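In the working numbering, the protein residues as written are 6 to 148.
C-beta: ideal position from N, C-alpha, C; glycine also.
Quantities reported herein were computed from a predicted structural model and do not represent experimental measurements.
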């Protein structure tokens, strides 16, 4: 029995492992597939858009962002729950994605990445040509 090949299985496994790290608290993420595109949304409230860096090296997509704390000498912290500093999250991408067509957009504190499925990874029908043509039976042509 044929088994469907899922080039994103490794990426999904990595996301599950990453969900158990402290980074997930600072950069919570959703991931879903919408047709031929994987979409990830990463919450980055309070992050300067200029500090967001997204790059791909081999099959690893890395998102880095910095959230700065504005402090003055007269401040006395009573509660400080919002994480600050530089955060990074890495995603291992499968071989079935179009790395050159990844799109990123930051709006309302959410970074959205659209990772399209590569054309060669999309399922397609293969037509079967019939090699047998007309055959001759006792002097007459039959097909």
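Per-residue DSSP class, three states only, for residue i
i           : result
residue 48  : strand
residue 125 : helix
residue 79  : coil
residue 98  : coil
residue 93  : strand
residue 134 : coil
Cut-off 6 angstroms between Cβ atoms - residues of its own chain near residue i, not counting five sequence neighbours on either side
i           : result
residue 5   : The question about residue 5 has no answer here: the residues shown for the chain are numbered 6 through 148.
residue 129 : none
Backbone CA spacing between residue i and residue j [nearest angstrom]
i           : j           : result
residue 32  : residue 92  : 8 angstroms
residue 133 : residue 120 : 32 angstroms
residue 125 : residue 100 : 10 angstroms
residue 103 : residue 97  : 13 angstroms
Burial state of residue i (16 or more Cβ within 10 Å)
i          : result
residue 68 : buried
residue 94 : buried
Do the region 102-110 and the region 82-92 meet, that is, are 3 or more Cβ pairs less than 8 angstroms apart?
Segments in contact, no.
Decide yes or no for the touch test of the region 35-42 against the region 50-57: beta carbon pairs closer than 8 angstroms, at least 3 of them.
The answer is no - the region 50-57 does not touch the region 35-42, with fewer than three Cβ pairs under 8 angstroms.
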